Amino acid sequence: MFVAPSMVLMLLFIALPLGSVFVQSFHATQPVYEVVQEQACTPGFLATNCVTETRSRPRRDAAGVPVTTTAFIGLDAYRALLQPEAVARAFNVGGDGVAGLLSIDFYAALRFTLTFTLVTLPLVIGLGLLLALAIDSLAARYRGPLIFVSLLPFIITPVIGALSIRWLFVGDGVLTGVIRAITGSRLSMFAQGWTIELLMLTYRVWHATPFAFVVFYAGLQTVERDTLEAAIVDGASRLQRLRCVVIPHLVPLITFVALIHLMDSYRVFEEIIGFSSQAYRISLQYLTYSLLNPDQTGNRAITRASASSMLTMIGIVVLLVPVVVRTWRAQRGGR
Amino acid sequence: MRRLKFAAVALGLCLPAAAHAACDFQNTVPVKSLTAAFEAWKAVTASMAECGNVRSELDQEFRTKQPAAFAANPALYDIGGVSNGTVVPLLNAGTIRPLDALIGKYGQQLQPNQLIKIDGATMAVAMDVNAQNFIYRSDILQELGIAVPTTWDDVLAAAEKIKASGRVAYPLGATMKPGFDLSLEFVNLFLGYGGSFTRPDNTPSIASDAGLKTLAMLKKLSAYMDPEYLVSESTFVQKQFQQGKIAMSNLWASRAAALDDPKESQVVGKIAMAAAPQAIRGGKSATTLWWDGIVIAKNIPDAQADAAFRVAMQGLGPQTVKAAPGAVVWLIKGYAPGKLAEGVIASANGGAPAYPSNAVMGLVSAVIGDGVADYLTGRKTAEKTLADIDAAYLVKAREQGLLK
Amino acid sequence: MARARGASLAAARRQPPALRLLVGIGVALWAVVATFPLAWTALMSFRVPVDALSSRPLDVLLGPASRAAGAGLSAIDMLAGVAAMVALALLPGWLGARAASRLAPAGLVRIGWILAVLTYALLAGAVLLVALPAAAAALDRLLAPVWLLGHLAEPIVGITLEHYRAVWIEHAFYRNFENSILITLGTVAVSLTVGTLAGYGLARAGGKLSFWLLIAALVFRALPHSVLVTGYVPFFLASRDLLAPFWSAPGLGAFLHMFSAGPPTLYGQPLAVVVVLVSINQPFTIWMMRSFFDNIPRELDEAAQVDGCSHFGAFWRVIMPVMWPGVVTTGLFAFLLAYNDYLVTSLLLDAQSQTMVPAITQFLNRDTRASDQIEAIAAAVSITAPLFLLVMAFQRQIVSGLTQGAVKG
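Written as structure tokens, this is what we have:
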């Protein structure tokens, strides 16, 4: 009974849209085009250009609404995304292997998303842990302000955070100047893929570390004194205490942070917008978004966008399975 | 002093809005508009606001919102700002209304070449023509003894000289951000080389001789640009000009006024305009002509459409031209073309075609905007890039039902 | 003996000097990295474009062009500013408790505190916006003719409030602010109500069903939001037609007519967005709340039920009072989600009901003049300021809430 409102909300606003996206990925809805002779007059300067030409135009019904047809297309949309023939060609004799694979949008996005997720994960956890240990070891009066400062990159609106970093590096930004002065090169941060990727990774670590830190810090407050003291009496060194008492105590928290970070960084999107990295790097969620976005004349690739969302979802489930299974086993064992 | 002024403004906030001086009538029906955000639209919406009860949303990303917002019932906006590209989805979906009756009532000051007619019915009213044309630093070209380039090969030669002189950081600027900007650069050159994007049966023909030439030219030009050219859109190029970092660019005529604005530009009076260079010597000016104008939503009550159109006519009235004479090449009565209009007029006289606007071109432009960067970054060869663009077009065209 | 042991424990815990140095340097470095981008952005927002976009860091720091444009701060101004800030920061400590008890009507201490906070906010606003500039200007004028001291009264750092004025007054950013507040508070309130109930239910139910529910919630949490928004947009735009049958249905229709004459277009409705944000945030909320409730012994509500409370009564009277730190922490996360959201609000709201974060991209997208860009920066700083205050106020609760158990499983 208590769960009902929450269930209804999740069913209506999460499960239902998800279901409709699933169905859409197998169907194509298209306007019916007719070829017509049309006279169009457009302005030139001081004159009007009128041209009569044959062009394709969507047919409209009596009410003026375009007629559409919906057809079942099976796996066509998935095939258009995954391009199995092109992949086979890339790995056959005469193909260019991985480079060929990565020239297909979907795989390029997958490559970047996975790199992004898996590289930032250990960095965020490691830095968060170090920071928590360091701040925990300081005198109480330093801790308050330091926690406040540390939380800033986390609470700040992601779009604004990304922009604030971009403003430091774009063109003649202040930090680009510093880098140039140090390395003596005329490096432009937004002129090649790897520097942009590096910036995006750095931004995400900057943004996500505070969350890991504050969770670990909270965890450190509940380490049992007695166990620690017993360890000291037993003559355990600092490192041994850390390894045998503190870290095991934090393991559930590390799993928790890893889980949240996996989900959030797999969704990477704001960085692509914030750093305008489309020419060099795209992510899976950006791929969906760009397919959904109407072009100049309003065409949206809804079917492929749906298929790309489904593939994205399969990806995250695969990533999560090991962590979830671990948690599940631990819970089982614990009970 | 500054503090006093600030306080005065804060006080002004508390006072009721001042009388609507420049509007011919007092508008009582709430009217909403969604338009792009460059100078001309700022001027037009400012004039419309004088009539009262007008809320204008200016957004360079309007094209992604407009089709859905006009399809809603009631439509979310009454007035839409469109150009020859962005009017297509509204026309195709039938979400804008014919304006002939309204023009009869309120549109006496309109000139015949302002009306966009499809099969005889007026669907939009234009206010300006715009094109990417050649903007250059007249002082630098003069000093180095370079004649104003008339072909893109001349531009390359001039860029080489300017680079050697070290007068500016980068000789060239261009709107090369993937998506619309990059696709337009490609389209302009491609048409200049005499290419055609599709065959009569809607199958693609971008992978062609003209395509290869276009890619090669873009690559050669990019060598003279800021290495970050792939994030550069119109505003980026405008700032490069203003800060004196570049000497030449094929940029929107509507951006020229800002280059001559002493408040933000360091190169006031050193800017000149010319026809967009030709791709082939003796050929057409390699650019496309655009118009900007207004449409009125269909899914709104007639009384509201009435008020909206009346307000829009104020926006497209002579007082707008008076307030911002140099913002763009106006089509509105009372506009006297100045120095900043020379490039557009020269390009039009040089045979520049109107930008082709239809559903097919929307797909073409999208796949080009996504695909060309792969060649410029060196990820693919020219042939592979063009073949992939054709393939991407086929997928999209089938998905949209334009091809079987 | 015991004391000796204590001493040796303390000795073992104390860090060797080298380690302490390392920790100190590391933490200091982090503090700089964490604050620098934000601080620099804030600095840029107070400079005219020529300074803000300059490639020389000193120009951004000192703002020579902003100073030349006629406005600057002298050493005296800055000293006065620092003094006022320190006084304002210390004030609650000196007088807070006394003011609260004085202001409390008929012994309602909580209301007294609220009144005290409001008074403080008013006072701080008055001091910073009116009294301080006036006093500093008077001081400058007074000291300017004095030999040597006069130099202190000369402006050294350029500053301009022009962009804030443009953002808040010309572009009416306060409307976006109102929308943000409405949507954020709505989301927090509904999210907590629904989530607390569900968390309690799940923690007490156990069993297979609730396990699978939690796993489903986990998968939902992982969904890219663009997937969901894809599903909403067509429905929100066409809701007027789609919902019409409900309004014409017998019985239900009459009930719905009491609220509005016809079905609403959900696109552009802040309340509809609140529901969407609540739903998106539900998985996280119920996970958090469930682990809080897991930490509260079952015996507590059983005891309450024995005392004659209903199931719901037990929940409300006995469990909730113990739960506040957890509620505050979860609420903060809901606040951050709603306040910071870009994707959902930008796609489902129109210009009239737009919140601050998507509105900022409008500033960026209209960015055709250099000053537009600095206005975007000023808007960004304006958005960040409330978050700043929020963390300052609730920082302790975040840590204690998390400590209390939100993160144990």
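Chains S, B and D supply the protein sequences, listed in that same order. Numbered continuously in the working numbering, the first sequence closes out at residue 335. Numbered continuously in the working numbering, the second sequence closes out at residue 739. Numbered continuously in the working numbering, the third sequence closes out at residue 1148. Each residue gets a CB set at the ideal place from its N, CA and C atoms; glycine is no exception. Quick caveat, the model's predicted, so the values are computed rather than measured.
{"Asked": "How would you write the range of the beta strand (DSSP E) that Asp463 (chain B) sits in, first residue to last?", "Found": "456 to 472"}
{"Asked": "Short of 9 Å Cβ to Cβ, which residues in the stretch 957 to 970 of chain D face chain S?", "Found": "Leu957, Val958, Phe959, Arg960, Ala961, Leu962, Pro963, His964, Ser965, Val966, Leu967, Val968, Thr969, Gly970"}
{"Asked": "Buried or exposed for Gly171 (chain S), please, with buried defined as at least 16 other CB atoms from any protein chain shown within 10 angstroms of its CB.", "Found": "buried"}
{"Asked": "Residues of chain S with a CB under 7 Å from the CB of Arg502 (chain B): which are they?", "Found": "The contacting residues do not exist; Arg502 (chain B) stays about 18 Å from chain S at best."}
{"Asked": "Beta-carbon separation of Val968 (chain D) and Ala1073 (chain D) under 7 Å?", "Found": "no"}
{"Asked": "Considering Cα atoms alone, identify which of D:His964, D:Gly820, D:Ile1099, D:Thr1142 is closest to Leu250 (chain S).", "Found": "D:Thr1142"}
{"Asked": "Can you tell me whether DSSP reads Tyr33 (chain S) as helix, strand or coil?", "Found": "strand"}
{"Asked": "Using the three-state DSSP reduction, which class does Ile156 (chain S) fall into: helix, strand or coil?", "Found": "coil"}
{"Asked": "My guess is that Val124 (chain S) and Ala28 (chain S) are in contact by the Cβ rule of under 8 Å, so how many angstroms apart are they, rounded?", "Found": "At roughly 41 Å, the Cβ-Cβ gap does not stay under 8 Å, so Val124 (chain S) and Ala28 (chain S) are not in contact."}
{"Asked": "If the cut-off is 7 Å on Cβ atoms, which residues from the stretch 588 to 607 of chain B count as contacting chain D, listed in chain order?", "Found": "Ala593, Glu599"}
{"Asked": "Using a beta-carbon distance below 7 Å, is Gln285 (chain S) in contact with chain B?", "Found": "no"}
{"Asked": "List the endpoints of the continuous alpha helix (DSSP H) containing Gly193 (chain S).", "Found": "193 to 220"}
{"Asked": "In the DSSP output, which residue or residues are listed as bridge partners for Gly686 (chain B)?", "Found": "Bridge partners of Gly686 (chain B): none, in fact."}
{"Asked": "Whose CA, out of S:Leu242, S:Gly193, S:Ile316, lies closest to the CA of Ile282 (chain S)?", "Found": "S:Gly193"}
{"Asked": "Bridge partners of Thr54 (chain S), per DSSP?", "Found": "S:Gln37"}
{"Asked": "Taking all protein chains shown into account, do 16 or more other C-beta atoms lie within 10 angstroms of the C-beta of Asp234 (chain S), making it buried, or fewer, making it exposed?", "Found": "exposed"}
{"Asked": "Select from D:Val1015, D:Phe916, D:Ala870 the residue whose C-alpha is nearest the C-alpha of Ser965 (chain D).", "Found": "D:Val1015"}
{"Asked": "Taking 7 Å as the cut-off, decide whether the C-beta atoms of Ile541 (chain B) and Leu426 (chain B) are in contact.", "Found": "no"}
{"Asked": "Might you give, ordered along the chain, the residues of its own chain that have their beta carbon closer than 6 Å to the beta carbon of Ser1092 (chain D), omitting 5 neighbours on each side?", "Found": "Asn918, Gly1007, Pro1009"}
{"Asked": "Would you report the Cα separation of Ile431 (chain B) and Ile414 (chain B), rounded to the nearest angstrom?", "Found": "10 Å"}
{"Asked": "Reducing DSSP to helix, strand and coil, say where Val226 (chain S) ends up.", "Found": "Per the sequence presented here, residue 226 (chain S) reads as Asp, with Val not at that position. Note: Asp226 (chain S) maps to helix in three-state DSSP."}
{"Asked": "Quick one: what does DSSP say Asn49 (chain S) is sitting in, helix, strand or coil?", "Found": "strand"}
{"Asked": "Kindly identify the DSSP beta-bridge partner or partners of His27 (chain S).", "Found": "S:Phe72"}
{"Asked": "Rounded to whole angstroms, what's the CA-CA distance from Arg60 (chain S) to Ala1098 (chain D)? Just pull it up for me.", "Found": "36 Å"}
{"Asked": "Going by CA-CA distance only, name the one from S:Thr202, S:Gln240, S:Pro248, S:Ala108 that's closest to Val223 (chain S).", "Found": "S:Pro248"}
{"Asked": "Return the residues of the stretch 191 to 217 of chain S that lie within a Cβ-Cβ distance of less than 8 Å from chain D, sorted by chain order.", "Found": "Trp206, Pro210, Val214, Val215, Tyr217"}
{"Asked": "Within 7 Å of any Cβ in chain A, is that where the Cβ of Thr222 (chain S) sits?", "Found": "The chain labelled as chain A is not found among the protein chains of the depicted structure, namely S, B and D."}
{"Asked": "Which residue from S:Gly161, S:Thr303, S:Arg204, S:Val324 puts its Cα closest to that of Thr118 (chain S)?", "Found": "Note on residue identity: the sequence assigns Leu, not Thr, to residue 118 (chain S). Considering only alpha carbons, the answer is S:Arg204."}
{"Asked": "Going along chain B, which residues have a C-beta under 9 Å from Leu976 (chain D)?", "Found": "Ala403, Ala404, Ala406, Ala407, Asn408, Leu411"}
{"Asked": "Do Ala258 (chain S) and Gly128 (chain S) count as a contact pair if the criterion is CB distance below 7 Å?", "Found": "no"}
{"Asked": "Mapping the DSSP letters down to three states, classify Asn585 (chain B) as helix, strand or coil.", "Found": "strand"}
{"Asked": "For Cys50 (chain S), does the count of other Cβ atoms within 10 angstroms reach 16, so buried, or fall short, so exposed?", "Found": "exposed"}
{"Asked": "Excluding sequence positions up to five away, which residues of its chain have a Cβ less than 8 Å from the Cβ of Lys400 (chain B)?", "Found": "Leu369, Asp394"}
{"Asked": "Give the residues of chain B in contact with Glu38 (chain S), contact being defined as C-beta atoms less than 7 Å apart.", "Found": "Ile453, Asp454"}
{"Asked": "Against chain S, does Thr1123 (chain D) count as a neighbour if the rule is that its beta carbon must be under 7 Å from one of theirs?", "Found": "yes"}
{"Asked": "Just the Cα atoms here: how many angstroms apart are Thr336 (chain S) and Arg143 (chain S)?", "Found": "The displayed coordinates of chain S run from 1 to 335. Any statement about residue 336 (chain S) would go beyond what the structure contains."}
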